[in-house]
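Q:
Residue numbers (UniProt numbering): 1 to 90.
1. Touch check for the region 8-21 and the region 50-63: three-plus C-beta pairs under 8 Å?
2. DSSP state of residue 25, grouped into three classes?
3. Sort out for me which residues DSSP pairs residue 53 with in a bridge.
4. Which residue's Cα is closest to the Cα of residue 33: 9, 42 and 4?
5. Can you tell me the Cα-Cα spacing of residue 74 and residue 57, whole angstroms?
6. Please look up how many angstroms separate the CB atoms of residue 44 and residue 68, rounded, as I've assumed it's under 8 Å.
If you want it as structure tokens, here you go:
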């Protein structure tokens, strides 16, 4: 696991040195496998999840912002849907 963490840290450091923002995409399985290390490394963390709404028999798409350095963030879960023109809040 240490080798993988070092690679992510190296990529992040190189991009930051040149003023670039990095975007790491990780599924829940990998996030848990690496014990959430990215939470400490990143500037912000946005979670996108799907849950089944049994009452309406629909899939709900949820967005949460759990970390954004130097910004006050809401713990509110936002609901959204994918449309042909992009992501739309509902």
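By construction, the Cβ of each residue, glycine as well, lies at the ideal position given by its N, Cα and C atoms. Model, not experiment: these values are computed from the prediction.
A: Once the coordinates are examined:
1. Touching, no.
2. coil
3. 58
4. Nearest C-alpha to residue 33 among 9, 42 and 4: 4.
5. 28 Å
6. In this structure residue 44 touches residue 68 by the C-beta definition: roughly 4 Å separates them, less than 8 Å.
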